[in-house]
Amino acid sequence: MDKGWSPREAGVLVVPGGGYTAKDGPGVNTLITDRGFLRRLAASQAQPVGICTGVMVLSAAGLTKGRNATTHAGAKADLAAQGTTVINARVVDDGDLITGGGITSGLEVALWLVERYVGAELAQRVETVLEYERRGTVWRRPSG
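If you're matching positions, the sequence shown starts at 21 in the working numbering and goes up one per residue.
Given below as structure tokens:
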């Protein structure tokens with residue numbers, strides 16, 4: 021946000037979920053098997069944000085290994101098997117990696133991003149406009 025907003029220069033790259041259990045259908049599994057996409061994702065300078073099973077795409081790109089993250093309940097065992105420390109929280113902020121649990125956690129992630137980058141006051145105003153009340157806490161990587 022330091023340089024202002026530009027649609028061509030994203031500072032955050034959000035990967036939503038969907039289609040994880042449909043192994044032959046469109047969605048997350050298509051991206052998980054697209055080696056070119058995964059290489060570009062891993063090389064991106066934008067901060068990765070995964071929501072729901074979109075976190076599995078980040079994992080396939082090697083971005084969650086050895087890190088703290090969350091995902092949809094139905095994919096947590098797979099995420100852990102790929103070397104990620106799975107945290108049972110709706111939002112996990114592991115520094116330069118932010119992840120959200122199930123699809124409704126996407127709202128929580130969005131509000132956390134507003135709070136983190138712009139401030140708690142604006143996040144509260146957005147929450148009021150959306151008529152949405154956050155629940156749970158944001159898990160943050162311990163400093164130090």
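All residues carry an ideal CB built from backbone N, CA and C; glycine is no exception.
Gly103 and Ala30 have their C-alpha atoms some 28 Å from each other. When DSSP states are grouped into helix, strand and coil, Val138 belongs to the coil group. Under the three-pair Cβ rule at 8 Å, the stretch 68-88 counts as touching the stretch 117-135. Secondary structure within the stretch 28-91: the alpha helix (DSSP H) runs of 4 or more consecutive residues, fully enclosed, are 48-52, 55-63, 75-80 (chain order).
Relative to Glu153, the option among Leu99, Trp159, Val129, Tyr137 whose CA is nearest is Val129.
Residue environment: Gly45 is assigned as exposed (fewer than 16 neighbouring CB atoms within 10 Å of its CB, all protein chains considered). Under the criterion of beta carbons closer than 8 Å, Ala89 and Val75 qualify as touching, at roughly 6 Å. According to the DSSP assignment, Asp98 belongs to the alpha helix (DSSP H) that extends over 96-101. The three-state reading of DSSP puts Arg160 in strand, counting E and B together.
Around the beta carbon of Ser64, fewer than 16 other beta carbons lie within 10 angstroms, which makes this residue exposed. DSSP, read as helix, strand or coil, puts Thr119 in strand.
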